[in-house]
Amino acid sequence: MARIQTPQRIRGTQDIFGEDQRRFAAVLETFDRVRKLYCFQRLEIPIFEATGVFARSMGETSDVVSKEMYTFEDRGGDSITLRPEFTAGIARAYISEGWQQFAPLKVATSGPVFRYERPQKGRYRQFHQIDAEILGAPEPAADVELLVLADQLLKELGIAEGVTLQLNTLGDAATRDAWRTALVAHFEAHKGELSEDSLARLEKNPLRILDSKDPRDRPIADSAPDIDAYLTDEAAAFFKAVTDGLDAAGVAWTRNARLVRGLDYYRHTAFEFVTDRLGAQGTVLAGGRYDGLIGSLGGPETAGVGWAAGVERLAMLIEEPAEDQPLVSVIPWMPEAEFTAIGVAAELRRQGVSTHIAFKGNEKRRFEAASKAKVRARVVVAPESGEGAISSRQGIPVRINEVGSFARAGENLREQILDALSRSYDVVRMEPTEGAFNPDALLRPLAK
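Anchor point for the sequence shown: position 439 equals 441 in this note's numbering, and the numbering is continuous, going up by one each time.
In C-alpha coordinates, the structure reads:
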(Lines of atoms letter the chains of each structure in order from A and count residues from 1; the text may use other names and numbers.)
(Lines give C-alpha, C1' and ligand atoms only; values in the text may rest on other atoms or scores of the structure.)
Protein backbone atom coordinates (compact mmCIF):
# COMPACT_ATOMS: atom_id res chain seq x y z
CA MET A 1 0.00 0.00 0.00
CA ALA A 2 1.37 3.36 -1.01
CA ARG A 3 2.34 5.66 1.84
CA ILE A 4 -0.04 8.57 2.31
CA GLN A 5 1.81 11.83 1.74
CA THR A 6 1.49 14.15 4.71
CA PRO A 7 0.06 17.53 3.66
CA GLN A 8 2.23 20.56 4.35
CA ARG A 9 1.40 24.18 5.00
CA ILE A 10 1.36 26.16 1.76
CA ARG A 11 4.28 28.56 1.33
CA GLY A 12 3.44 32.06 2.48
CA THR A 13 0.74 30.93 4.92
CA GLN A 14 0.93 30.42 8.67
CA ASP A 15 -0.59 28.39 11.47
CA ILE A 16 -0.97 30.73 14.43
CA PHE A 17 -0.82 29.25 17.92
CA GLY A 18 0.62 29.80 21.39
CA GLU A 19 2.56 33.03 21.88
CA ASP A 20 1.93 34.10 18.28
CA GLN A 21 -1.81 33.68 18.74
CA ARG A 22 -1.78 35.62 22.00
CA ARG A 23 -0.01 38.51 20.27
CA PHE A 24 -2.39 38.28 17.31
CA ALA A 25 -5.46 38.30 19.58
CA ALA A 26 -4.10 41.22 21.63
CA VAL A 27 -3.84 43.38 18.49
CA LEU A 28 -7.41 42.58 17.43
CA GLU A 29 -8.84 43.06 20.91
CA THR A 30 -7.10 46.43 21.29
CA PHE A 31 -8.26 47.56 17.85
CA ASP A 32 -11.84 46.57 18.64
CA ARG A 33 -11.77 48.44 21.93
CA VAL A 34 -10.23 51.62 20.50
CA ARG A 35 -12.48 51.80 17.42
CA LYS A 36 -15.50 51.76 19.75
CA LEU A 37 -14.11 54.83 21.54
CA TYR A 38 -14.28 56.66 18.20
CA CYS A 39 -17.75 55.29 17.32
CA PHE A 40 -16.59 53.28 14.29
CA GLN A 41 -19.10 50.57 13.38
CA ARG A 42 -17.86 47.05 12.69
CA LEU A 43 -18.64 45.62 9.24
CA GLU A 44 -17.89 42.44 7.32
CA ILE A 45 -17.42 42.20 3.56
CA PRO A 46 -16.81 39.23 1.23
CA ILE A 47 -13.38 37.66 1.09
CA PHE A 48 -13.54 37.78 -2.73
CA GLU A 49 -14.92 40.26 -5.26
CA ALA A 50 -15.25 40.60 -9.01
CA THR A 51 -11.74 41.21 -10.32
CA GLY A 52 -12.75 44.57 -11.77
CA VAL A 53 -13.34 45.99 -8.30
CA PHE A 54 -9.64 45.76 -7.49
CA ALA A 55 -8.36 46.40 -11.02
CA ARG A 56 -10.20 49.73 -11.17
CA SER A 57 -9.55 50.76 -7.58
CA MET A 58 -5.86 49.86 -7.37
CA GLY A 59 -4.92 50.54 -11.00
CA GLU A 60 -4.15 48.08 -13.79
CA THR A 61 -0.45 49.03 -13.68
CA SER A 62 0.03 48.67 -9.93
CA ASP A 63 2.24 45.84 -8.69
CA VAL A 64 -0.66 44.38 -6.71
CA VAL A 65 -2.96 44.09 -9.73
CA SER A 66 -0.34 43.12 -12.31
CA LYS A 67 1.73 40.70 -10.21
CA GLU A 68 0.25 39.85 -6.82
CA MET A 69 -3.50 39.17 -7.02
CA TYR A 70 -4.99 35.71 -6.56
CA THR A 71 -7.40 35.68 -9.50
CA PHE A 72 -9.34 32.76 -10.92
CA GLU A 73 -12.36 32.02 -13.09
CA ASP A 74 -15.24 30.44 -11.21
CA ARG A 75 -17.55 27.77 -12.62
CA GLY A 76 -19.87 30.43 -13.94
CA GLY A 77 -17.09 31.97 -16.01
CA ASP A 78 -16.72 35.09 -13.84
CA SER A 79 -13.29 36.45 -12.96
CA ILE A 80 -12.96 36.42 -9.17
CA THR A 81 -10.14 37.78 -6.98
CA LEU A 82 -9.33 37.11 -3.34
CA ARG A 83 -9.19 40.52 -1.69
CA PRO A 84 -5.68 42.03 -1.53
CA GLU A 85 -6.99 44.87 0.69
CA PHE A 86 -10.24 46.15 2.22
CA THR A 87 -10.87 49.64 0.85
CA ALA A 88 -12.09 48.63 -2.61
CA GLY A 89 -14.59 46.13 -1.21
CA ILE A 90 -15.90 48.67 1.29
CA ALA A 91 -16.29 51.24 -1.51
CA ARG A 92 -18.17 48.67 -3.61
CA ALA A 93 -20.49 47.90 -0.69
CA TYR A 94 -21.08 51.61 -0.12
CA ILE A 95 -22.42 51.83 -3.68
CA SER A 96 -24.25 48.51 -4.04
CA GLU A 97 -25.83 48.46 -0.56
CA GLY A 98 -26.99 52.07 -0.60
CA TRP A 99 -24.92 53.11 2.40
CA GLN A 100 -24.88 56.72 1.18
CA GLN A 101 -27.87 57.25 3.47
CA PHE A 102 -25.58 56.76 6.48
CA ALA A 103 -22.93 59.30 5.42
CA PRO A 104 -20.69 60.26 7.01
CA LEU A 105 -20.11 56.56 7.62
CA LYS A 106 -17.34 55.47 10.00
CA VAL A 107 -16.53 51.78 9.68
CA ALA A 108 -13.85 49.33 10.77
CA THR A 109 -13.07 45.73 9.94
CA SER A 110 -10.35 43.09 10.05
CA GLY A 111 -9.55 39.76 8.47
CA PRO A 112 -7.36 37.90 5.98
CA VAL A 113 -6.10 39.41 2.74
CA PHE A 114 -4.10 37.76 -0.04
CA ARG A 115 -1.11 38.83 -2.14
CA TYR A 116 1.31 36.67 -4.09
CA GLU A 117 4.52 38.15 -2.68
CA ARG A 118 7.90 36.73 -1.76
CA PRO A 119 7.46 35.53 1.83
CA GLN A 120 9.79 37.10 4.38
CA LYS A 121 9.77 38.16 8.02
CA GLY A 122 6.39 39.70 8.78
CA ARG A 123 5.17 39.32 5.19
CA TYR A 124 2.95 36.47 4.01
CA ARG A 125 0.76 35.57 1.04
CA GLN A 126 -2.22 35.22 3.33
CA PHE A 127 -1.95 37.81 6.06
CA HIS A 128 -4.33 39.86 8.16
CA GLN A 129 -5.20 43.53 8.29
CA ILE A 130 -7.14 45.90 10.48
CA ASP A 131 -8.85 48.68 8.57
CA ALA A 132 -10.70 51.93 9.39
CA GLU A 133 -12.51 54.17 6.89
CA ILE A 134 -14.68 57.31 6.86
CA LEU A 135 -16.91 57.66 3.78
CA GLY A 136 -18.89 60.74 2.80
CA ALA A 137 -16.87 63.24 4.86
CA PRO A 138 -14.88 65.75 2.74
CA GLU A 139 -13.77 67.77 5.76
CA PRO A 140 -10.15 67.63 6.99
CA ALA A 141 -11.51 66.79 10.45
CA ALA A 142 -12.17 63.25 9.15
CA ASP A 143 -8.48 62.85 8.31
CA VAL A 144 -7.58 64.11 11.77
CA GLU A 145 -9.95 61.69 13.51
CA LEU A 146 -8.53 58.69 11.66
CA LEU A 147 -4.98 59.74 12.43
CA VAL A 148 -5.74 60.31 16.12
CA LEU A 149 -7.42 56.89 16.21
CA ALA A 150 -4.31 55.29 14.71
CA ASP A 151 -2.04 57.14 17.13
CA GLN A 152 -4.08 56.01 20.15
CA LEU A 153 -4.14 52.42 18.87
CA LEU A 154 -0.35 52.30 18.62
CA LYS A 155 0.00 53.82 22.09
CA GLU A 156 -2.42 51.35 23.65
CA LEU A 157 -0.55 48.51 21.96
CA GLY A 158 2.57 49.85 23.66
CA ILE A 159 4.53 50.35 20.44
CA ALA A 160 4.28 54.11 19.84
CA GLU A 161 7.84 54.72 20.98
CA GLY A 162 10.10 54.71 17.95
CA VAL A 163 7.16 55.00 15.53
CA THR A 164 6.94 58.21 13.47
CA LEU A 165 3.91 59.59 11.65
CA GLN A 166 5.05 60.77 8.22
CA LEU A 167 2.58 63.09 6.52
CA ASN A 168 2.21 64.64 3.07
CA THR A 169 -0.36 66.33 0.90
CA LEU A 170 -1.18 65.28 -2.66
CA GLY A 171 -3.30 68.39 -3.16
CA ASP A 172 -6.57 68.63 -5.03
CA ALA A 173 -7.18 67.69 -8.67
CA ALA A 174 -5.78 70.98 -10.02
CA THR A 175 -2.67 70.65 -7.86
CA ARG A 176 -2.11 67.08 -8.92
CA ASP A 177 -2.47 67.82 -12.64
CA ALA A 178 0.04 70.68 -12.50
CA TRP A 179 2.51 68.69 -10.42
CA ARG A 180 2.19 65.64 -12.65
CA THR A 181 3.03 67.74 -15.73
CA ALA A 182 6.16 69.09 -14.02
CA LEU A 183 7.22 65.62 -12.88
CA VAL A 184 6.83 64.12 -16.35
CA ALA A 185 9.00 66.90 -17.81
CA HIS A 186 11.66 66.27 -15.15
CA PHE A 187 11.71 62.51 -15.65
CA GLU A 188 11.70 62.84 -19.45
CA ALA A 189 14.85 64.94 -19.14
CA HIS A 190 16.54 62.02 -17.32
CA LYS A 191 14.89 59.22 -19.27
CA GLY A 192 18.15 57.52 -20.15
CA GLU A 193 19.09 57.16 -16.48
CA LEU A 194 15.85 55.61 -15.18
CA SER A 195 15.38 51.94 -14.33
CA GLU A 196 13.23 49.71 -16.52
CA ASP A 197 10.39 49.73 -13.99
CA SER A 198 10.41 53.52 -13.80
CA LEU A 199 10.40 53.84 -17.59
CA ALA A 200 7.21 51.78 -17.62
CA ARG A 201 5.74 53.93 -14.85
CA LEU A 202 6.60 57.12 -16.71
CA GLU A 203 3.98 56.32 -19.32
CA LYS A 204 1.11 55.42 -16.97
CA ASN A 205 1.92 56.31 -13.37
CA PRO A 206 4.83 58.79 -13.06
CA LEU A 207 4.21 59.60 -9.39
CA ARG A 208 5.26 56.04 -8.52
CA ILE A 209 8.81 56.88 -9.59
CA LEU A 210 9.12 59.11 -6.53
CA ASP A 211 9.05 56.14 -4.14
CA SER A 212 11.22 53.84 -6.27
CA LYS A 213 13.78 51.86 -4.26
CA ASP A 214 16.06 51.31 -7.26
CA PRO A 215 19.38 53.14 -6.65
CA ARG A 216 19.42 54.29 -10.28
CA ASP A 217 16.20 56.22 -9.69
CA ARG A 218 16.91 57.79 -6.32
CA PRO A 219 19.03 60.81 -7.44
CA ILE A 220 16.46 61.64 -10.12
CA ALA A 221 13.51 61.25 -7.77
CA ASP A 222 15.21 63.28 -5.03
CA SER A 223 15.79 66.20 -7.40
CA ALA A 224 12.20 66.19 -8.74
CA PRO A 225 9.97 69.24 -8.16
CA ASP A 226 8.15 69.38 -4.81
CA ILE A 227 4.37 69.50 -4.75
CA ASP A 228 4.34 72.64 -2.57
CA ALA A 229 5.12 74.84 -5.57
CA TYR A 230 1.89 73.68 -7.23
CA LEU A 231 -0.54 73.65 -4.30
CA THR A 232 -3.71 75.65 -4.81
CA ASP A 233 -4.83 77.89 -1.95
CA GLU A 234 -7.63 75.44 -1.19
CA ALA A 235 -5.26 72.47 -1.04
CA ALA A 236 -2.80 74.33 1.18
CA ALA A 237 -5.63 75.31 3.55
CA PHE A 238 -6.82 71.69 3.72
CA PHE A 239 -3.38 70.42 4.67
CA LYS A 240 -2.96 73.15 7.29
CA ALA A 241 -6.30 72.19 8.83
CA VAL A 242 -5.09 68.58 9.11
CA THR A 243 -1.78 69.50 10.72
CA ASP A 244 -3.43 72.03 13.06
CA GLY A 245 -5.89 69.32 14.11
CA LEU A 246 -3.09 66.89 14.86
CA ASP A 247 -1.30 69.54 16.90
CA ALA A 248 -4.49 70.21 18.86
CA ALA A 249 -4.85 66.47 19.59
CA GLY A 250 -1.23 66.16 20.68
CA VAL A 251 -0.24 63.84 17.83
CA ALA A 252 3.37 64.27 16.71
CA TRP A 253 4.03 64.24 12.97
CA THR A 254 6.76 64.97 10.47
CA ARG A 255 6.52 66.09 6.84
CA ASN A 256 7.66 63.70 4.12
CA ALA A 257 7.29 65.52 0.81
CA ARG A 258 8.20 62.34 -1.11
CA LEU A 259 5.33 60.29 0.30
CA VAL A 260 2.94 59.69 -2.61
CA ARG A 261 0.01 57.61 -3.82
CA GLY A 262 0.18 56.89 -7.52
CA LEU A 263 -3.49 56.63 -8.50
CA ASP A 264 -5.42 59.64 -9.72
CA TYR A 265 -8.30 59.30 -7.27
CA TYR A 266 -6.04 59.96 -4.27
CA ARG A 267 -6.35 63.49 -2.90
CA HIS A 268 -4.90 65.61 -0.14
CA THR A 269 -3.63 63.64 2.86
CA ALA A 270 -1.25 60.69 2.57
CA PHE A 271 0.42 59.21 5.64
CA GLU A 272 2.46 56.35 7.05
CA PHE A 273 3.46 55.34 10.57
CA VAL A 274 6.99 53.98 10.23
CA THR A 275 9.51 52.31 12.53
CA ASP A 276 13.10 51.13 12.22
CA ARG A 277 12.33 47.98 14.25
CA LEU A 278 11.18 45.99 11.19
CA GLY A 279 14.18 46.51 8.94
CA ALA A 280 13.65 47.84 5.43
CA GLN A 281 9.91 47.09 5.55
CA GLY A 282 9.30 49.67 8.27
CA THR A 283 5.70 50.78 7.62
CA VAL A 284 3.29 49.56 10.31
CA LEU A 285 0.18 51.54 9.30
CA ALA A 286 -0.61 53.58 6.20
CA GLY A 287 -3.46 55.34 4.47
CA GLY A 288 -4.77 58.50 2.90
CA ARG A 289 -7.67 60.32 1.31
CA TYR A 290 -9.25 58.83 -1.83
CA ASP A 291 -12.02 61.24 -2.84
CA GLY A 292 -12.15 59.88 -6.40
CA LEU A 293 -12.37 56.14 -5.65
CA ILE A 294 -16.13 55.64 -5.40
CA GLY A 295 -16.65 57.67 -8.56
CA SER A 296 -14.11 55.47 -10.38
CA LEU A 297 -16.25 52.44 -9.45
CA GLY A 298 -19.37 54.00 -10.99
CA GLY A 299 -20.83 55.49 -7.82
CA PRO A 300 -21.55 59.12 -6.97
CA GLU A 301 -18.57 61.35 -6.30
CA THR A 302 -17.93 60.67 -2.62
CA ALA A 303 -15.17 61.69 -0.26
CA GLY A 304 -13.28 58.94 1.52
CA VAL A 305 -10.30 58.53 3.80
CA GLY A 306 -8.91 55.47 5.56
CA TRP A 307 -5.98 53.40 6.72
CA ALA A 308 -4.92 49.79 7.13
CA ALA A 309 -2.29 47.99 9.19
CA GLY A 310 -0.90 44.48 9.12
CA VAL A 311 -1.85 42.48 12.21
CA GLU A 312 1.24 40.26 11.99
CA ARG A 313 3.56 43.27 11.83
CA LEU A 314 1.93 44.94 14.82
CA ALA A 315 2.02 41.63 16.70
CA MET A 316 5.78 41.40 16.17
CA LEU A 317 6.24 44.74 17.94
CA ILE A 318 4.08 44.33 21.04
CA GLU A 319 5.19 42.76 24.30
CA GLU A 320 4.17 39.14 24.77
CA PRO A 321 0.75 39.06 26.48
CA ALA A 322 0.31 36.95 29.58
CA GLU A 323 -0.94 33.43 28.94
CA ASP A 324 -4.56 32.84 29.91
CA GLN A 325 -4.65 30.61 32.98
CA PRO A 326 -7.61 28.90 34.62
CA LEU A 327 -8.47 30.05 38.12
CA VAL A 328 -9.62 26.65 39.37
CA SER A 329 -8.84 23.00 38.65
CA VAL A 330 -11.49 20.38 39.41
CA ILE A 331 -9.86 17.02 40.15
CA PRO A 332 -11.92 13.80 40.19
CA TRP A 333 -10.09 11.61 42.74
CA MET A 334 -11.15 8.36 41.07
CA PRO A 335 -13.18 7.27 38.01
CA GLU A 336 -16.49 7.14 39.88
CA ALA A 337 -16.01 10.82 40.82
CA GLU A 338 -15.83 12.02 37.21
CA PHE A 339 -19.53 12.74 36.68
CA THR A 340 -19.68 14.78 39.86
CA ALA A 341 -16.53 16.63 38.76
CA ILE A 342 -18.17 17.45 35.42
CA GLY A 343 -21.12 18.98 37.29
CA VAL A 344 -18.86 21.03 39.57
CA ALA A 345 -16.77 22.31 36.64
CA ALA A 346 -19.85 23.16 34.57
CA GLU A 347 -21.37 25.23 37.37
CA LEU A 348 -18.14 27.09 38.06
CA ARG A 349 -17.89 27.99 34.37
CA ARG A 350 -21.50 29.19 34.36
CA GLN A 351 -20.52 31.53 37.16
CA GLY A 352 -17.73 33.00 35.01
CA VAL A 353 -14.87 31.12 36.67
CA SER A 354 -12.34 29.71 34.18
CA THR A 355 -11.99 26.07 35.18
CA HIS A 356 -9.57 23.30 34.24
CA ILE A 357 -10.65 19.70 34.78
CA ALA A 358 -8.10 16.90 35.20
CA PHE A 359 -9.25 13.51 33.92
CA LYS A 360 -6.09 11.84 32.68
CA GLY A 361 -3.95 9.44 34.70
CA ASN A 362 -3.95 8.45 38.36
CA GLU A 363 -4.46 10.78 41.31
CA LYS A 364 -0.85 11.95 41.30
CA ARG A 365 -0.90 12.78 37.59
CA ARG A 366 -4.15 14.69 37.99
CA PHE A 367 -2.61 16.87 40.68
CA GLU A 368 0.43 17.36 38.45
CA ALA A 369 -1.86 18.46 35.62
CA ALA A 370 -3.50 21.00 37.94
CA SER A 371 -0.09 22.33 38.98
CA LYS A 372 1.02 22.57 35.36
CA ALA A 373 -2.11 24.59 34.57
CA LYS A 374 -0.95 27.08 37.27
CA VAL A 375 -4.39 27.30 38.84
CA ARG A 376 -4.96 29.33 41.99
CA ALA A 377 -7.30 26.82 43.64
CA ARG A 378 -8.17 23.12 43.44
CA VAL A 379 -11.56 21.50 43.97
CA VAL A 380 -11.13 17.78 44.63
CA VAL A 381 -14.09 15.41 44.19
CA ALA A 382 -13.49 12.43 46.49
CA PRO A 383 -15.26 9.84 48.69
CA GLU A 384 -16.63 10.81 52.11
CA SER A 385 -14.09 8.69 53.95
CA GLY A 386 -11.80 5.73 53.65
CA GLU A 387 -8.93 5.06 51.31
CA GLY A 388 -9.85 7.82 48.88
CA ALA A 389 -10.41 10.54 51.47
CA ILE A 390 -8.39 13.73 51.09
CA SER A 391 -7.17 16.44 53.43
CA SER A 392 -7.97 20.13 53.10
CA ARG A 393 -4.32 20.73 52.22
CA GLN A 394 -4.84 18.92 48.92
CA GLY A 395 -7.71 21.17 47.84
CA ILE A 396 -11.32 22.08 48.48
CA PRO A 397 -13.06 18.74 49.08
CA VAL A 398 -16.38 17.90 47.41
CA ARG A 399 -17.81 14.57 48.60
CA ILE A 400 -19.32 12.31 45.98
CA ASN A 401 -22.24 11.41 48.22
CA GLU A 402 -22.91 15.07 49.04
CA VAL A 403 -23.63 16.40 45.58
CA GLY A 404 -25.03 15.20 42.29
CA SER A 405 -24.98 18.65 40.75
CA PHE A 406 -23.03 21.63 42.03
CA ALA A 407 -26.06 23.87 41.48
CA ARG A 408 -27.99 21.73 43.98
CA ALA A 409 -25.21 21.45 46.52
CA GLY A 410 -25.94 21.85 50.20
CA GLU A 411 -25.41 25.20 51.90
CA ASN A 412 -22.41 23.98 53.89
CA LEU A 413 -20.65 22.72 50.76
CA ARG A 414 -21.25 25.96 48.89
CA GLU A 415 -19.95 28.01 51.81
CA GLN A 416 -16.88 25.79 52.04
CA ILE A 417 -16.04 26.29 48.38
CA LEU A 418 -16.67 30.03 48.57
CA ASP A 419 -14.48 30.44 51.63
CA ALA A 420 -11.64 28.38 50.20
CA LEU A 421 -11.75 30.06 46.79
CA SER A 422 -11.86 33.52 48.35
CA ARG A 423 -8.55 32.76 50.04
CA SER A 424 -7.03 31.79 46.69
CA TYR A 425 -8.26 34.67 44.53
CA ASP A 426 -10.58 37.64 44.75
CA VAL A 427 -14.27 36.83 44.66
CA VAL A 428 -17.36 38.83 45.47
CA ARG A 429 -19.44 37.11 48.11
CA MET A 430 -23.03 37.19 46.87
CA GLU A 431 -25.35 36.94 49.87
CA PRO A 432 -28.65 34.98 49.61
CA THR A 433 -31.80 37.02 49.06
CA GLU A 434 -34.55 36.42 51.64
CA GLY A 435 -32.86 33.22 52.73
CA ALA A 436 -32.80 31.67 49.24
CA PHE A 437 -29.44 30.85 47.66
CA ASN A 438 -29.03 31.91 44.02
CA PRO A 439 -26.55 29.59 42.29
CA ASP A 440 -26.27 32.03 39.35
CA ALA A 441 -24.60 34.52 41.69
CA LEU A 442 -22.18 32.09 43.31
CA LEU A 443 -18.88 33.57 42.18
CA ARG A 444 -17.96 36.71 40.32
CA PRO A 445 -14.19 37.16 39.90
CA LEU A 446 -13.10 40.76 40.27
CA ALA A 447 -11.68 42.48 37.19
CA LYS A 448 -7.93 42.55 37.34
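Glycine included, C-beta positions come from ideal geometry on N, C-alpha and C.
Small disclaimer: the values here were computed from a predicted structure and weren't measured.
Quiz prompt | Closer than 7 Å: residue 196 CB and nearest the ligand SAH heavy atom | solution = The ligand SAH is absent from the structure shown, which contains no ligands of any kind.
Self-check item: Secondary structure of residue 194, DSSP reduced to three states
Solution: Mapped onto the sequence shown, residue 194 falls at position 192. In the structure shown, residue 194 adopts helical secondary structure according to DSSP, grouped into three states.
Quiz prompt | Three-way DSSP call (helix, strand, coil) for residue 392 in this model | solution = The count along the sequence shown starts at 1 and reaches residue 392 at position 390. Because residue 392 sits at a pLDDT of 47, beneath the cut-off of 50, its placement in the model cannot be relied upon, and the point is left open.
Quiz item: Do three or more CB pairs link the stretch 213-230 to the stretch 121-135 at distances below 8 Å?
Solution: Judged by Cβ distances under 8 Å, the stretch 213-230 makes no contact with the stretch 121-135, as fewer than three pairs qualify.
Quiz item: Looking at the unbroken beta strand (DSSP E) that takes in residue 112, where does it start and where does it end?
Solution: The sequence position of residue 112 within the sequence shown is 110, counting from 1. From DSSP, the beta strand (DSSP E) with residue 112 extends over 107-116.
Quiz item: In this structure, does DSSP put residue 347 in helix, strand or coil?
Solution: The sequence position of residue 347 within the sequence shown is 345, counting from 1. DSSP places residue 347 in helix when its eight states are reduced to three.
Quiz item: Using a Cβ-Cβ cut-off of 8 Å (strictly less than) and excluding sequence neighbours within five positions of residue 17, which residues of its own chain qualify?
Solution: The residue labelled residue 17 in the question sits at position 15 within the sequence shown. Its chain contains 11 as the residues whose beta carbon lies nearer than 8 Å to that of residue 17, once the 5 sequence neighbours on both sides are disregarded; these appear in chain order.
Practice problem: Compute the distance between the beta-carbons of residue 150 and residue 277, then report whether it is under 8 Å. | Solution: Here residue 150 refers to the residue found at position 148 when the sequence shown is read from its first residue. Here residue 277 refers to the residue found at position 275 when the sequence shown is read from its first residue. Pairing residue 150 with residue 277 gives a Cβ-Cβ distance that is not under 8 Å.
Quiz prompt | Bridge partner(s) assigned by DSSP for residue 136 | solution = Stepping through the sequence shown from its first residue, residue 136 is reached at position 134. DSSP output for residue 136 lists 108 and 307 as bridge partner(s).
Practice problem: Could you tell me whether the stretch 196-213 touches the stretch 243-257, using the rule of 3 or more Cβ pairs below 8 Å? | Solution: No, the stretch 196-213 is not in contact with the stretch 243-257.
Quiz item: Three-state secondary structure (DSSP) at residue 331?
Solution: Taking the sequence shown and counting its residues from 1, one reaches residue 331 at position 329. Note: residue 331 maps to strand in three-state DSSP.
Exercise. For residue 290, write down the residues that DSSP places opposite it in a beta bridge.
Key: Here residue 290 refers to the residue found at position 288 when the sequence shown is read from its first residue. Paired residue(s): 272 and 308.
Quiz item: How do the stretch 284-296 and the stretch 331-341 stand: do at least 3 beta-carbon pairs fall below 8 Å, yes or no?
Solution: Output reads no: the stretch 331-341 does not touch the stretch 284-296.
Quiz item: Which class does residue 81 belong to by DSSP, given the choice of helix, strand or coil?
Solution: For the purposes of this step, residue 81 is taken as residue 79 along the sequence shown, with counting starting at 1. Three-state DSSP puts residue 81 in a strand.
Exercise. Assign residue 408 to buried or exposed, taking buried as 16 or more other Cβ atoms, counted over all protein chains shown, within 10 Å of its Cβ.
Key: The sequence position of residue 408 within the sequence shown is 406, counting from 1. Bear in mind that the predicted position of residue 408 carries a pLDDT of just 44, short of 50, making it too unreliable to give a figure here.
Self-check item: Through-space distance from residue 91 to residue 77, alpha-carbon basis
Solution: On the sequence shown, residue 77 is found 75 positions in, with the first residue counted as 1. On the sequence shown, residue 91 is found 89 positions in, with the first residue counted as 1. C-alpha separation (whole angstroms): 22 Å.
Quiz prompt | Beta-ladder partner(s) of residue 359, from DSSP | solution = Taking the first residue of the sequence shown as 1, we reach residue 359 at position 357. DSSP output for residue 359 lists 332 as bridge partner(s).
Quiz item: Using 8 Å as the Cβ pair cut-off and three pairs as the minimum, do the stretch 302-312 and the stretch 135-152 touch?
Solution: Yes, since at least three Cβ pairs between the stretch 302-312 and the stretch 135-152 fall closer than 8 Å, the two stretches touch.
Practice problem: Flag this pair as yes or no: are the beta carbons of residue 56 and residue 71 separated by less than 8 Å? | Solution: To locate residue 56, count along the sequence shown from 1; it is residue 54. To locate residue 71, count along the sequence shown from 1; it is residue 69. Residue 56 places its beta carbon less than 8 Å from that of residue 71.
Practice problem: Provide the residue span of the beta strand (DSSP E) that contains residue 168, from first to last. | Solution: On the sequence shown, residue 168 is found 166 positions in, with the first residue counted as 1. For residue 168, the uninterrupted beta strand (DSSP E) segment begins and ends at 165-171.
Exercise. Going by DSSP, name the residue or residues bridged to residue 23.
Key: Sequence index remark: in the sequence shown, residue 23 carries index 21 (1-based). Answer is none; residue 23 lacks a bridge partner.
Quiz prompt | Rounded separation between residue 368 and residue 13 - CA only | solution = Counting from 1 along the sequence shown, the entry for residue 368 is found at position 366. Counting from 1 along the sequence shown, the entry for residue 13 is found at position 11. The alpha-carbon atoms of residue 368 and residue 13 are separated by roughly 40 Å.
Practice problem: Between the Cα of residue 235 and those of 173, 186, 200 and 105, spot the shortest distance and give me the residue it belongs to. | Solution: Counted from its first residue, the sequence shown places residue 235 at position 233. The residue with the shortest Cα to Cα distance from residue 235 is 173.
Exercise. Would you decide whether residue 43 is buried or exposed? Buried here means 16 or more other CB atoms lie within 10 Å of its CB.
Key: By 1-based counting over the sequence shown, the position of residue 43 is 41. With fewer than 16 other Cβ atoms inside 10 Å of its own Cβ, residue 43 counts as exposed.
Quiz item: Can you name the residues that DSSP bridges to residue 129?
Solution: Mapped onto the sequence shown, residue 129 falls at position 127. 115, per the DSSP bridge assignment.
Quiz item: Using the C-alpha atoms, what's the distance from residue 136 back to residue 269?
Solution: Here residue 269 is taken as the residue at index 267 of the sequence shown, counted from 1. Here residue 136 is taken as the residue at index 134 of the sequence shown, counted from 1. Cα to Cα, residue 269 sits roughly 14 Å from residue 136.
Exercise. Can you tell me which of the three DSSP states residue 205 falls into?
Key: Sequence index remark: in the sequence shown, residue 205 carries index 203 (1-based). Residue 205 falls in the helix class under three-state DSSP.
Quiz prompt | Distance between residue 359 and residue 343 (C-alpha atoms, nearest Å) | solution = Walking along the sequence shown from the start, residue 343 turns up at place 341. Walking along the sequence shown from the start, residue 359 turns up at place 357. Their Cα atoms are separated by approximately 8 Å.
Quiz item: Are the CB atoms of residue 259 and residue 229 nearer to each other than 8 Å?
Solution: For the purposes of this step, residue 259 is taken as residue 257 along the sequence shown, with counting starting at 1. For the purposes of this step, residue 229 is taken as residue 227 along the sequence shown, with counting starting at 1. Residue 229 is positioned such that its CB atom lies closer than 8 Å to that of residue 259.
Quiz item: Quick one: what's got a C-beta closer than 6 Å to residue 317's C-beta in the same chain, skipping five residues either side?
Solution: Indexing the sequence shown from 1 puts residue 317 at position 315. Closer than 6 Å at the Cβ level, and outside the excluded window around residue 317, lie 25, 26 and 29.
Quiz item: Would the stretch 81-88 and the stretch 112-121 be scored as touching if the rule is three or more Cβ pairs under 8 Å?
Solution: Look at the beta carbons and you see the stretch 81-88 touching the stretch 112-121: at least three pairs across the two are nearer than 8 Å.
Exercise. Out of 377, 48, 210 and 366, point me to the one whose CA is closest to residue 356's CA.
Key: If you number the sequence shown from 1, residue 356 lands on position 354. The residue among 377, 48, 210 and 366 with its C-alpha nearest the C-alpha of residue 356 is 377.
Quiz item: Helix, strand or coil: which one does DSSP assign to residue 378?
Solution: Sequence index remark: in the sequence shown, residue 378 carries index 376 (1-based). Residue state, collapsed to three classes: coil.
Practice problem: Give the DSSP-derived three-state secondary structure of residue 441 in the structure shown. | Solution: Along the sequence shown, one-based indexing puts residue 441 at 439. Residue confidence for residue 441 is low, a pLDDT of 35 falling below 50, so the modelled location carries little weight and cannot support an answer.
Quiz item: Does DSSP put residue 42 in a helix, a strand or coil?
Solution: As a first step, residue 42 must be located in the sequence shown, where it is residue number 40. The answer is coil: DSSP assigns residue 42 none of H, G, I, E or B.
Quiz item: Can you find a CB in chain C that lies within less than 8 Å of the CB of residue 94?
Solution: This model lacks chain C altogether; it includes just one protein chain.
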